[in-house]
Amino acid sequence: MKKLLGSIGSRWMMIVGYGTLLAVVGFFAFRQVSPGNAATGKTRHYYIAADMVDWDYAPSGKNQITGEPFDDAANVFVGSAPNRIGRVYRKALYREYTDNTFTALKPIAPEWQHLGTLGPAIHAEVGDTIIVDFKNNTELPVSIHPHGVFYNKNAEGAPYNDGTGNADKGDDGVPPGTTYTYTWQVPERAGPGPGDGSSVLWMYHSHTDEVGDSYSGLVGPMMITARGKAKEDGSPADIDREFVTMFLVSDENQSPYLPENIKNHIKAPDAPPEGDEDFGESNLMHSINGYVFGNLPGLRMRVGERVRWYTIGMGTEVDLHTPHWHGQTLLMSGGQMGMRTDMVELLPGSMKILDMTPDNPGTWLFHCHVNDHILAGMLATFTVDPQSGAPSASAGGWGSPAAAAVNTTSDALYSFYCKITGRAHAS
Ligand SMILES: [Cu+2]
Numbered sequence: 002m003k004k005l006l007g008s009i010g011s012r013w014m015m016i017v018g019y020g021t022l023l024a025v026v027g028f029f030a031f032r033q034v035s036p037g038n039a040a041t042g043k044t045r046h047y048y049i050a051a052d053m054v055d056w057d058y059a060p061s062g063k064n065q066i067t068g069e070p071f072d073d074a075a076n077v078f079v080g081s082a083p084n085r086i087g088r089v090y091r092k093a094l095y096r097e098y099t100d101n102t103f104t105a106l107k108p109i110a111p112e113w114q115h116l117g118t119l120g121p122a123i124h125a126e127v128g129d130t131i132i133v134d135f136k137n138n139t140e141l142p143v144s145i146h147p148h149g150v151f152y153n154k155n156a157e158g159a160p161y162n163d164g165t166g167n168a169d170k171g172d173d174g175v176p177p178g179t180t181y182t183y184t185w186q187v188p189e190r191a192g193p194g195p196g197d198g199s200s201v202l203w204m205y206h207s208h209t210d211e212v213g214d215s216y217s218g219l220v221g222p223m224m225i226t227a228r229g230k231a232k233e234d235g236s237p238a239d240i241d242r243e244f245v246t247m248f249l250v251s252d253e254n255q256s257p258y259l260p261e262n263i264k265n266h267i268k269a270p271d272a273p274p275e276g277d278e279d280f281g282e283s284n285l286m287h288s289i290n291g292y293v294f295g296n297l298p299g300l301r302m303r304v305g306e307r308v309r310w311y312t313i314g315m316g317t318e319v320d321l322h323t324p325h326w327h328g329q330t331l332l333m334s335g336g337q338m339g340m341r342t343d344m345v346e347l348l349p350g351s352m353k354i355l356d357m358t359p360d361n362p363g364t365w366l367f368h369c370h371v372n373d374h375i376l377a378g379m380l381a382t383f384t385v386d387p388q389s390g391a392p393s394a395s396a397g398g399w400g401s402p403a404a405a406a407v408n409t410t411s412d413a414l415y416s417f418y419c420k421i422t423g424r425a426h427a428s
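Here the sequence shown is numbered in the working numbering, starting from 2 and rising by one per residue.
Take a look at the structure:
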């Protein structure tokens, strides 16, 4: 009897024991994981939609580097012809709204006009939580996949065979016309490392059809500032101006909207033969933030400002880019630990940060240093105004208040352009 009771007792203990173990395992298996040191700061809410936009890669209608109309070389990419799409393509772009009704676009501040096709700048400080209410206004399922920040499986924004169930799949590809809320935490490991400045860059992009979605335009920047070093809006307190530039040969042949673009711009008798190489070439837009041939607006600053440049490379094998700034030098991320330079190497998916304190006023070339990309229009300008007072009279840059005065510098720019491209100076 005693033996039997003992046996029942030990079995009962085993059941209780296994039960407890299962409960503990279950708790760890099914709870949402969160990093230990996050969620102590602010919650930053963004309302971002993927919208269909007819995007003009050269809205000024001319080559702003030469100050001249597009020549034959430029017209390979931007020219209109019966069997060419031209310079306006239907794209899917991330755009910021004022609230979760997604009825009013949030106005883009002048200092962020330069983002072009890039989505809104998401800012946060280490310790914060980022919530993105996302609406898909496009015709295909898309997502937001963030780099760097801490996300659970229900906020990764990428479909693949990861063993997760339906509860963790809603983020993978948000169906057209629906919304999804992504929550990301910002632990120490999402912020600056020992060799970084006060903030780091991560990108976010759609990862439902990773290749097609990035060519359709669904990419944006996210800047994370070190704990205690952020302004109210999450941007770094020790920086006066931030610029984000993405260098990408935007292959519109691989955009899911290619058929639509052909249908909208090319009438049946003029349809290019399938596999037409010249047609394929005409759709390779060698762009910086979706602009070619100097059409990128808004890169404007003053002498002595603390300027941080965040650079992104995307694309494929042809996308080895070497952004080069004229007239100034920069320090690679890391301040005193950084390297002094005036150019940086970018490969697809890479993000690099450089700090500049401009000391040389004027309008300056900012271009990819790869020869083929120079010829294809991967060029922009930035303008440095004097430390105080009125903007420099010679300061140009398409879209700037002083754009009318750009011709005082465009001759010099054109001469230089002819020199670097080996072209005859058509004066
Ligand atoms: Cu390049």
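Positions of the beta carbon are idealized from the N, C-alpha and C atoms, including for glycine.
These numbers come from a predicted model, not from an experiment.
Between residue i and ligand 1, is there a pair consisting of the residue's CB and a ligand heavy atom that are separated by less than 7 Å?
i	result
M379	yes
V345	no
V79	no
F383	no
H325	no
F367	no
F248	yes
V293	no
V371	yes
H206	no
H115	no
H46	no
Output the distance between the C-alpha atoms of residue i and residue j, rounded to the nearest integer angstrom.
i	j	result
A93	I145	13 Å
F28	N153	Any reading at F28 needs caution, since the residue's pLDDT is 43, under 50, leaving its predicted position unreliable; the model's value is listed next. Approximately 15 Å between the Cα atoms of the pair.
K232	K43	12 Å
E189	N265	48 Å
T139	M315	22 Å
I267	N84	6 Å
P147	V127	15 Å
D113	R242	Correcting the residue type first, residue 113 is Trp in the shown sequence and not Asp. Roughly 10 Å separates the two Cα atoms.
A405	V175	With a pLDDT of 31 at A405, under the threshold of 50, the modelled position of that residue is not reliable, and the figure given next carries that caveat. Taking the straight line from one Cα to the other gives about 45 Å.
S334	H370	20 Å
G149	P273	42 Å
D173	Y216	18 Å
W185	F244	23 Å
D55	G229	41 Å
A377	G350	21 Å
N1	K107	Nothing can be reported for residue 1, as the shown portion of the chain is limited to 2 through 428.
Quick one: measure Cβ to Cβ for residue i and residue j, integer angstroms, because I've assumed they're closer than 8 Å.
i	j	result
I225	S199	10 Å between Cβ atoms; not a contact.
H368	H325	6 Å
Y48	D100	6 Å
A122	I131	Not quite, the Cβ-Cβ distance comes to about 12 Å (not below 8 Å), so this is no contact.
V77	Y58	Contact flag wrong, Cβ pair sits at about 13 Å.
I86	I263	7 Å
V345	T312	6 Å
P111	G295	Not quite, the Cβ-Cβ distance comes to about 19 Å (not below 8 Å), so this is no contact.
Taking only beta-carbon positions, decide if residue i is within less than 8 Å of chain C.
i	result
L366	In summary, chain C is missing from the structure at hand, where a single protein chain is found.
Original post:
What are the uninterrupted segments assigned as beta strand (DSSP E) that are 3 or more residues long and contained completely in the segment 256-280, given in chain order?
Top reply: none
Original post:
Does the count of Cβ pairs from the segment 151-169 and the segment 298-317 closer than 8 Å reach three?
Top reply: no
Subject >> Cβ contact (3+ pairs, closer than 8 Å) linking the segment 249-264 and the segment 279-292 >> reply: Using a C-beta cut-off of 8 Å, the segment 249-264 makes contact with the segment 279-292, since at least three inter-stretch Cβ pairs fall below that distance.
**OP:** Specify whether the segment 54-72 and the segment 236-245 touch according to this definition: at least 3 beta carbon pairs, one from each stretch, less than 8 Å apart.
**Re:** Counting Cβ pairs under 8 Å, fewer than three are found: no touch.
**OP:** Report the residue ranges of all alpha helix (DSSP H) runs contained in full by the segment 182-235; include only those spanning at least 4 residues, in chain order.
**Re:** 211-217
Original post:
If you pair each beta-carbon of the segment 348-362 with each one of the segment 376-388, do three or more pairs fall below 8 Å?
Top reply: yes
**OP:** Identify every run of the beta strand (DSSP E) within the segment 87-139, keeping only runs that are complete inside it and at least 3 residues long; order them along the chain.
**Re:** 89-98, 123-126, 130-137
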